[in-house]
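See structure below.
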């Protein structure tokens with residue numbers, strides 16, 4: 001069913017621009033309708049107003065949002081455990097759609113390529129969510145059947161006033177963590193015999209390398225404009241926003257492909273050594 005808010009916005013007579021259609025998708029509550037709206041955005045639309053839109057992120061009534069410790073898990077070797085894992089991944093990808101759209105509508109006066117890059121990310125995240133919902137259906141589940149946590153979006157709220165912090169702590173910290181853990185998750189699914197879900201993880205890892213690369217590119221652009229050292233700026237954001245520290249082990253190959261510099265990789269190696277010594 002189409003979210004009534006989406007219907008109101010689509011029929012409101014508002015000028016159809018790239019950022020306006022992104023706002024409509026961001027405010028849509030129904031997850032599958034959000035996917036449809038994102039995939040339908042025409043990249044050739046004019047960019048539109050260089051304003052910071054006041055947005056209300058659209059999320060469905062379910063899943064229930066709980067503390068991370070209350071999110072149910074089981075062994076991936078069991079079908080119920082695989083269903084829970086896939087549900088958690090679908091929730092991450094749903095939030096990732098909103099995060100990309102929020103970058104499109106929240107931060108004005110950036111080059112046009114900034115908005116085109118994040119629209120590309122939003123479209124790929126929408127595809128990921130759709131693929132994972134298909135896999136949930138194979139387990140007779142739908143998105144919303146299990147509780148989920150709100151860590152990703154909480155970071156978006158914390159960084160809504162700072163593009164530097166948003167880029168540092170969402171694509172470069174939280175989403176980059178996905179590069180580290182995806183291969184192990186993929187192998188667990190494959191070992192359990194769910195090759196279709198493993199193939200979806202292959203697609204997600206491939207695309208997420210590109211998404212983190214986009215985050216790195218624009219983070220470095222902001223650092224250059226503000227005459228800031230990227231590593232020092234990243235460490236500042238970790239402290240200022242009380243963000244979780246990067247956690248080893250790191251997927252150095254994927255992170256290098258995603259545009260982390262040699263200096264940043266060396267910094268992460270030092271983090272890994274310190275954590276392994278604890």
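Numbering (the working numbering), first residue to last: 1 to 278. For glycine and all other residues, C-beta sits at the position ideal for the given N, C-alpha and C. All figures in this text were calculated on a predicted structure; none of them were measured in a lab.
Query                                                                                                                                                                         : Result
For residue 100, count neighbouring C-beta atoms within 10 Å of its own C-beta (all shown protein chains included) and say buried if the count is 16 or more, exposed if not. : buried
Is the separation between the beta-carbon of residue 179 and that of residue 92 shorter than 8 angstroms?                                                                     : no
Residue 226: buried (16+ other C-beta within 10 angstroms of its C-beta) or exposed?                                                                                          : exposed
Can you tell me the Cβ-Cβ gap for residue 246 and residue 173, rounded? I've got them flagged as a contact below 8 angstroms.                                                 : 7 angstroms
Which whole-angstrom value is the C-beta distance of residue 19 and residue 86, which I expect to be below 8 angstroms?                                                       : Incorrect: roughly 32 angstroms between the Cβ atoms, too far for contact.
Which first and last residues belong to the alpha helix (DSSP H) in which residue 206 is found?                                                                               : 195–225
Between 203, 261, 193, 186, which has its C-alpha nearest residue 213's C-alpha?                                                                                              : 261
Are the region 191–199 and the region 74–86 touching by the rule of at least three beta carbon pairs closer than 8 angstroms?                                                 : yes
Is the CB of residue 36 under 8 angstroms away from at least one CB in chain D?                                                                                               : Given the protein chain composition of this structure (a single chain), no chain D is represented.
Which residue marks the beginning of the alpha helix (DSSP H) containing residue 133, and which one marks its end?                                                            : 112–138
Give the single residue among 58, 162, 252 whose Cα lies nearest to the Cα of residue 271.                                                                                    : 252
Reducing DSSP to helix, strand and coil, say where residue 266 ends up.                                                                                                       : helix
Need the endpoints of the alpha helix (DSSP H) that residue 102 sits in, please.                                                                                              : 79–106
Reducing DSSP to helix, strand and coil, say where residue 148 ends up.                                                                                                       : strand
So what does DSSP say about residue 18, is it helix, strand or coil?                                                                                                          : helix
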